[in-house]
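Respectively, the protein sequence lines represent chains A, B and C.
Those letters in the first sequence? Residues 5 to 184, per the numbering used here, in order.
Those letters in the second sequence? Residues 19 to 310, per the numbering used here, in order.
Those letters in the third sequence? Residues 15 to 764, per the numbering used here, in order.
Idealized CB from N, CA, C, for every residue including glycine.
Inspection log for the structure reproduced underneath, given as structure tokens.
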Amino acid sequence: MSDFSEHADAEQRDVERPAKCELSFTVNGTSRTVLVHPMERLLDVLRHELQLTDAKEGCGEGECGSCSVLLDKQLVNSCLVPALQAEGANIITIAGLTDGAQLSTLQKAFLECGGAQCGICTPGMLLSARHLLDRTPLPTLDEIREGLAGNLCRCTGYMQIFEAVSRAAKEENARRRTGA
Amino acid sequence: MRSDPADYKLVAPGRLEAVLSLLAEEREEWVPIAGGTDVMVQFAAGKLASRQLVSIWNLRELKGIAVASEEVRIGAACTYTEIRQSDVIAREFPLLATAAQWTGGIANQNRGTLGGNIINASPAADSLPALMAYEAEVILVSIRGERRMPYVGFHTGYKTMQLRRDELLKTICIPHRFDGYTQYARKVGARNAQAISKVCIAAVGRISGGVIEDVRIALGSVAAVPLRLTEVERTVQGNPVGPEIIARVPRMVAAAIQPIDDIRSTARYRTAVASNLVVEFLDKLRASESTP
Amino acid sequence: MENVVGKSMPRKEGRDKVTGAARYIDDMTIPGMIYGATVRSQIPRGKIKTVSFDPRFDWDEFVTVTAQDIPGRNCIALILDDQPCLADGMVNHPEEAILLLAHSDPYLLRKAMDGVRIEYEPQAPVFSIEESERQETVIWGSDNVFKTFLIEKGDVDEVWSAADYVVEGKYTTGAQEQLYIENQGVIASFDVEHGLTLWGSLQCPYYVHKALMALCGLPAEKVRVVQVETGGAFGGKEEYPSMIAGHASLLAMKSGRPVKIVYDRLEDMTATTKRHPSRTRHRTAVSEDGKILGGEIDFTIDGGAYATLSSVVLSRGTIHAGGPYYWPSVRIRGKAVATNMPPHGAFRGFGAPQSLFAMERHMDRIAQVVGLSPVEIRRRNFLKPGQTTTTDQTIREEIDLEKMLDRALELSDYKAKKEQFAQEDPRANTRRGMGIAAFLHGSGFTGSGERYLASVVGVEADADGTLRVLVSSTEFGQGTNTVLCQIAAEALRLPYESVCIAQADTDQVPNSGPTVASRTVMVVGNLVRSAALGIRQTLLAGGLLRETHSAEEFRAACAQHVAGHGVLRSFARYEAPEGVFWDDQKYRGEAYATFAWAVYVAEVAVDLSTYTASVADFVALQEVGRVLNPVLAVGQIAGGVAQGIGFALYEKVVWQNGRMQNGQMTNYIMPTSADLPPIRVFFEELGNAHGAYGAKGIGELPIDGPAPAIINAVEDALGMRFDSIPLLAEDIFESVSIRSPGELLATGGK
């Protein structure tokens, strides 16, 4: 005989259901305000409230990195950030690192080296690479491995991703030296 | 996503006193959330018991790494990244910096906190053995004031600890005690990154004339709580590091730990590896005297 | 001189992928869309007694679908059609779909799933190959056996008396999860006038099309299946999508609303297909000088609760069981059995990784018994041109496996490393070893499969001279879009930029067969070439084009044709090559139009303080006919090797009562960037008469070899036998712990 008695508790809770709150932050350079529950995941706020679908859900537990975004310049897994904690933050997704028709050095390198196959890990992977290069402009292979260890890729075996990051690093550095 | 955000309260008062007032509330329980790298995983899995959360993510009083004359004080809400970036920790407490590097990937290190690691109290938590080995002390705060205790007694059983209902972990204090000691830490997981540890060791020691003068050995993932191997320490202290001591290690370690079979590994494996890591530490200790 | 083929032309959909513009199924919404969810069995086997609904919910708000609501046949049409879409009275595996719910609020939907309580009358389940074979409990058919195959060559029963050695071995492989980073997902929409439309993350639109026709009782023209950008598949989205598509379609039909179903990781891992676990037994008669005289191979796979694709996986595994060696006589018995696990299914390699693991481990065993090196034993037994395979297929190309072996050994520095490792202190903490695997992989469908598929390909030309490739072959990272466009461009001497490929939409493209079996470039690519040439032929015949023409002239000719005759389209249909004969009854003859060949070498280090084995270096050398796009080809090999390394050392499915216990990324361990060695990829090209521009299939080949190469290397390092994968540190520990330190010293690998 099924026992549904625990729903009595739920009814009690229903009465005190928390309200949504208005949260503002900057996403890819644009100021946005949303009305959401404070515990809504930042990933879901981006994907559902703001229709920005470039951050993906691969695991829901911060293992695969396909939900990675830059939050106040820090790489984070947006599936693990409650919306309230992102209030006032400056959030960047891969779309925010894309300058119209112009591809960045990193994006071009991924295309040339085969760093993207099915592409589902690519937005997160690119942001992790960007985060790495912003801190370590000329990373060794070990530093690249470590920097990207939080982004799982099932297609490439990582080789061509490392190559792409390495190539982009060299090109960015060359450009910095010549002031281009 | 197996929870409904609409069922949860999350507030961020932004001030420590306001947070402490909430924690002291009799009627309802409020649970703190810092970086969310544990809490949000439980939330997404539909396994988060508490429905009321208070954010302690950027509380000023819980941040920062301060150097005092007798100790270094780490705010409980310091992230692993902040720990990795700290010069004083790199210099004096490298095992803690190493543990921070082990935890998750960069994205999780940017959000995971030392305090969260302690309070979540997974037996496999990466930083806890280092804190044990360094003889850390913890400062707990509530509306009733602060109290301080040695970390070694903090965990009393599986996910149970000396934390009162209205208390928040505020600071982790590590004494300037182990300067010049040989430092050793190792984590054994199913892969090189993003792995929950199967066995984890942090150990410090000082050797002179081939004799162990002082030693602290701590292990994670081999019991319900992180362990200081006090019996092993007592036995090796004052003795030369030689084949006799090494030969006794496996039995001593096996007697000190209570590992289990679980989804990740086996008790037998954990016991063997724990023993091997202790031996590895003692070997490193011995070798440290010959290398300047 | 080729302009486009053979070059690393940029990925057609690459820009969208690196800018975040690529749209996967969960990125899509349709006006009025609601969400669907699946209530699943919590027991492995038994009768459904009652289904009750918690009155706390207003069930009128929800769409509910059970087996009783199915308009057509309650099955996922595939081969035997034994798998129900929704369990009807009986469940046969944990996580079997029983009931469907839909609602506009996905959070409420999740709660409502808990509000459905199902009571069962459990029956005795079967969880292993051995249990299934005992037939004490019969759970499928009359004997738990989905399928058997028998391959016989020569006179096996005569070899034993002549043998100088008889070498036996038993080898097992575990289940492996495909772990595409994008979970399964579909959106279905239905209205009476237009019928059913299904968008999804999938490999085979026409498989889904066929399944939905049967399930929903709709004619072909009332079902439309559209593949959207797919985030990895590896076979896991070959047959399973028909199930999730069926579920969404039933909900859409009942509700009149579009329905999206997207799994989360836990549901995807626990409820969908995995690689078939296997057990292979070898008994081999070997001569004094190490030549295989004959033998018996017994290859058994666990198919899970329903037949699904097991017969085809079995077929490939059975045919590959003899490896790249000459067997004067052999008897190979293949068998697929039923257990009460979620049905196992397609995963890159499709039976070959399992039987080739056994063969390559067994070769090292034979070497030890006979007293030869792993190198020499292979040299003496490699197939040579003119010799026949286990199915009596004559090797007609000039493949020189000995030369490939030599090259692989040189590239991997095998000899020097072996010598160096043999001299290393046996009491050192780290023991190192080298391992070899030699293997082959048949491209395209087995035997008469391609003939039955009768694939059709179209190419269309617009008035502005743009070519559009029309195929049902799908892109999911392996490069379908890019390479097929390269082929079309090359055929007509057009710039790569002027060729595009249509979305795989059954309303727009013909059935060029499923995107499986490493057939896309070789078989479909060849048809693309033909169809493209057909366009040219039409223009030539119409006097609008000369034999040699520029791209500009081609464009003008297209404009003229379209203005005068309307649409310009050409189709090509598969025709089996001459003299290719396969006997389905005797399982003998030309099993595949061609084989790709490979020799892989692994360097492994075992840390004896933690008993962990890791791959320090990996050389992957393969002969693939022709490399049509170097960057993409290297990517395929590296990715396949990475999955093979996972198969060998990391990826274990933990089962309890038929249910996967580690259905999360935290606990199902795939290698991260910090775990993989440099994977060094090298090619040889012998061409292929049956493949576009000489190409052979390469998608699955690279996952066949890594596991045995690695385990051979572990044995070399430790002097211990391991015949089961995945090989975890705990397994190595158990083996080491029963040896005394002295023994470890004495039996270091040869």
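Counting other Cβ atoms within 10 Å of its Cβ, V254 of chain B reaches 16 or more and is therefore classed as buried.
Judged by DSSP in its simplified three-state form, Q119 of chain B adopts helix.
For I48 of chain C, the nearest beta carbon of chain A is not closer than 9 angstroms to its own beta carbon. Residue ranges of uninterrupted alpha helix (DSSP H) with 4 or more members, entirely inside the stretch 414 to 448 of chain C and ordered along the chain, are 415 to 425, 428 to 437.
Within the stretch 181 to 204 of chain C, those residues whose Cβ lies closer than 9 angstroms to any Cβ of chain A are, in chain order, Q192, L193, Y194, I195, E196, N197. Within the stretch 101 to 127 of chain B, the residues whose Cβ lies closer than 9 angstroms to some Cβ of chain A are Q119, G122, G123, I124, A125, N126, Q127, listed in chain order. Under DSSP, R204 of chain B forms a beta bridge with B:I219. According to the DSSP assignment, E135 of chain C belongs to the beta strand (DSSP E) that extends over 130 to 136. D119 of chain C is outside the set of residues whose beta carbon lies under 9 angstroms from a beta carbon in chain A.
Contact annotation: L498 of chain C and I549 of chain C have beta-carbon atoms that are not nearer than 9 angstroms. About 5 angstroms separates the beta carbons of T298 of chain C and V181 of chain C, which is inside the 8 angstroms limit, making them a contact pair. For the 9 angstroms CB-CB criterion, I712 of chain C and G658 of chain C do not form a contact. Short of 6 angstroms from the beta carbon of A84 of chain B, and not among the five residues preceding or following it, lie these beta carbons of its own chain, in chain order: R91. Under the 10 Å beta carbon count, M150 of chain B is surrounded by 16 or more other beta carbons and is classified as buried.
In this structure, C117 of chain A sits away from I148 of chain A, with a CB-CB distance that is not shorter than 9 angstroms. The beta-carbon of K216 of chain B is placed no less than 9 angstroms from the nearest beta-carbon of chain A.
For V530 of chain C, there is no enclosing beta strand (DSSP E), as DSSP gives it neither H nor E.
Using beta-carbon distances, F71 of chain C does not count as an interface residue toward chain B, since no partner is under 9 angstroms. Rounded to the nearest whole angstrom, the CA to CA distance from V615 of chain C to G161 of chain A is 17 angstroms.
Contact annotation for L130 of chain A against chain C: V32 [CB-CB distance below 8 angstroms, chain order]. Under the DSSP assignment, S269 of chain C falls outside any beta strand (DSSP E), being part of the alpha helix (DSSP H) whose first and last residues are 255 to 269. Beta-carbon to beta-carbon, R392 of chain C and I306 of chain C are separated by about 11 angstroms, too far to satisfy the 8 angstroms threshold. For the pair L88 of chain A and L114 of chain B, the CB atoms are not nearer than the 9 angstroms cut-off. Residue nearest to K112 of chain A within the set A:V73, A:I96, A:A133 is A:A133 (criterion: CA-CA distance).
In the same chain as A36 of chain C, and ignoring 5 residues on each side of it, the C-beta atoms closer than 6 angstroms to its own belong to D30, E243, in chain order. By the criterion of at least three beta-carbon pairs nearer than 8 angstroms, the stretch 667 to 675 of chain C is not in contact with the stretch 723 to 739 of chain C. If only complete runs of 3 or more residues are kept, the stretch 623 to 656 of chain C shows the beta strand (DSSP E) at 626 to 637, in order along the chain.
Beta-bridge pairing by DSSP links W596 of chain C to C:G603. Counting only the Cα atoms, K205 of chain B lies some 38 angstroms from D25 of chain B. Residue-level contact check: C25 of chain A does not touch chain C, since none of the beta carbons of chain C fall below 9 angstroms from its beta carbon. The stretch 223 to 237 of chain C makes no contact with the stretch 102 to 109 of chain A, as fewer than three CB pairs between them are under 8 angstroms. Taking D56 of chain B as the centre and dropping the five residues before and after it, the same chain places the C-beta of G134, N138 closer than 7 angstroms to its C-beta, in chain order. Straight through space, the alpha carbons of C159 of chain A and M684 of chain C are spaced by roughly 12 angstroms.
Residues of chain C with a Cβ closer than 8 angstroms to the Cβ of D22 of chain B are, in chain order, Y121, L122, R124, K125. Counting along the chain, M227 of chain C sits inside the alpha helix (DSSP H) bounded by residues 219 to 230. Within the stretch 145 to 173 of chain A, contact with chain B at the beta-carbon level (separation under 9 angstroms) is assigned to R149, E150, G151, L152, A153, G154, N155, L156.
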